[in-house]
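J.: Once you've had a glance at the structure underneath, I'll fire off some questions.
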Ligand code: PRP
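Numbering (this note's numbering), first residue to last: 8 to 199.
Structure, rendered in structure tokens:
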């Protein structure tokens with residue numbers, strides 16, 4: 008099987024950000040965060056499930072002491088379009104009053120998830136809340152939500168890989184890719 012055929016079989020239309028580009032940028036983000044949080048111990052809050060790959064690489068790109076926790080909020084269901092419905096599926100294990108919270112997101116799309124999350128976190132009296140997002144979609148109708156650090160601004164395409172899924176799959180690809188529309192059609196046709 009050629010590499011093109013293998014990618015197609017994986018549902019990949021185009022690779023948007025290679026593994027090397029991701030790792031290089033994440034290293035830079037880690038160094039920036041080391042500087043910003045020098046002398047403090049941020050609580051990194053990963054947003055499940057999508058942020059897992061980014062979170063684990065980002066925290067290892069940092070050399071200052073950090074703590075980690077996770078929240079799960081769902082806005083999509085098994086669809087390629089945001090429904091705008093946000094639910095807390097798993098809350099933090101830690102109290103965040105007085106803590107420096109760093110929200111780690113894989114992607115800001117409509118901005119609804121992040122806006123909701125920031126509202127929830129602010130009610131808990133943290134010392135600070137900042138956001139680092141690996142990807143941010145460039146779309147005019149997105150909610151104007153604050154993102155302090157962005158890895159990559161990307162076009163408004165349905166992306167998969169490096170934590171990002173379509174119908175629960177593709178999260179383990181080491182790169183970020185545009186989903187092949189044929190993969191959606193095939194799954195619909197197969198009733199998957
Ligand atoms: C995705 C992604 C973000 C959110 C961004 O999560 O991980 O949290 O959508 O979209 P928005 O800006 O339009 O709100 P999803 O709900 O798909 O869950 P997942 O991380 O488990 O894939």
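Beta carbons are placed, not taken as given, at the ideal position from N, Cα and C, and that holds for glycine.
Small disclaimer: the values here were computed from a predicted structure and weren't measured.
Between the Cα of residue 112 and those of 23, 59, 28, 43, spot the shortest distance and give me the residue it belongs to.
T.: Checking every option, the nearest Cα to that of residue 112 belongs to 59.
J.: According to DSSP, is residue 159 part of a helix, a strand, or is it coil?
T.: Three-state result, residue 159: strand.
J.: Is residue 137 closer than 8 Å to residue 160 when the C-beta atoms are compared?
T.: Not closer than 8 Å, so no.
J.: Nearest-angstrom Cα distance between residue 93 and residue 72?
T.: Roughly 31 Å separates the two Cα atoms.
J.: Compare the C-alpha of residue 41 against each of 66, 52, 127 and name the closest.
T.: Considering only alpha carbons, the answer is 66.
J.: Between which two residues does the beta strand (DSSP E) holding residue 108 run?
T.: 107 to 115 is the span of the beta strand (DSSP E), which, as asked, contains residue 108.
J.: What residue does the alpha helix (DSSP H) around residue 47 start on, and which one ends it?
T.: Looking at the DSSP string, residue 47 is not in any alpha helix (DSSP H), and its letter there is neither H nor E.
J.: Measuring only from the beta carbon, is residue 115 closer than 7 Å to any heavy atom that is part of ligand 1?
T.: Checking every heavy atom of ligand 1 against the Cβ of residue 115, one is found closer than 7 Å.
J.: On a Cα-Cα basis, can you pick out the residue from 144, 173, 47 that is closest to residue 231?
T.: Beyond the ends of the chain as shown, which are 8 and 199, falls residue 231; an answer cannot be given.
J.: Taking residue 157 as the reference, which of 77, 177, 39, 26 has the closest Cα?
T.: Comparing Cα-Cα distances from residue 157 to each of 77, 177, 39, 26, the minimum goes to 39.
J.: Kindly indicate the opening and closing residues of the alpha helix (DSSP H) around residue 78.
T.: Premise fails: residue 78 lies in the beta strand (DSSP E), 74 to 81, not in any alpha helix (DSSP H).
J.: Measure the C-alpha to C-alpha separation of residue 200 and residue 176 and round it to an integer number of angstroms.
T.: The structure shown does not extend to residue 200, since the chain is modelled only from 8 to 199, so the question has no answer here.
J.: Determine the contact status of residue 109 and residue 49, defining contact as a CB-CB distance below 8 Å.
T.: Cβ atoms of residue 109 and residue 49: closer than 8 Å.
J.: How is the beta strand (DSSP E) around residue 136 delimited, first residue to last?
T.: Run containing residue 136: 135 to 144, per the beta strand (DSSP E) assignment.
J.: Just to confirm the assignment, what range does the beta strand (DSSP E) spanning residue 184 have?
T.: Looking at the DSSP string, the run of the beta strand (DSSP E) that includes residue 184 is 183 to 186.
J.: State the Cα-Cα distance for the pair residue 30 and residue 43, rounded to the nearest angstrom.
T.: If you take the alpha carbons of residue 30 and residue 43, they lie about 20 Å apart.
J.: Could you give the first and the last residue of the continuous alpha helix (DSSP H) run that contains residue 60?
T.: Start and end: 59 to 68.
J.: Closer than 7 Å by C-beta to residue 23: which residues in its own chain qualify, once you throw out the five before and the five after it? Chain order, please.
T.: Once the five neighbours on either side are set aside, the close Cβ partners of residue 23 are 161, 166, 183, 184, 185.
J.: Between 187, 153, 45, which lies nearest to residue 168 when the distance is taken from Cα to Cα?
T.: The residue with the shortest Cα to Cα distance from residue 168 is 187.
J.: Answer yes or no: the CB of residue 55 versus the heavy atoms of ligand 1, is any distance below 7 Å?
T.: Flag set: Cβ of residue 55 near ligand 1.
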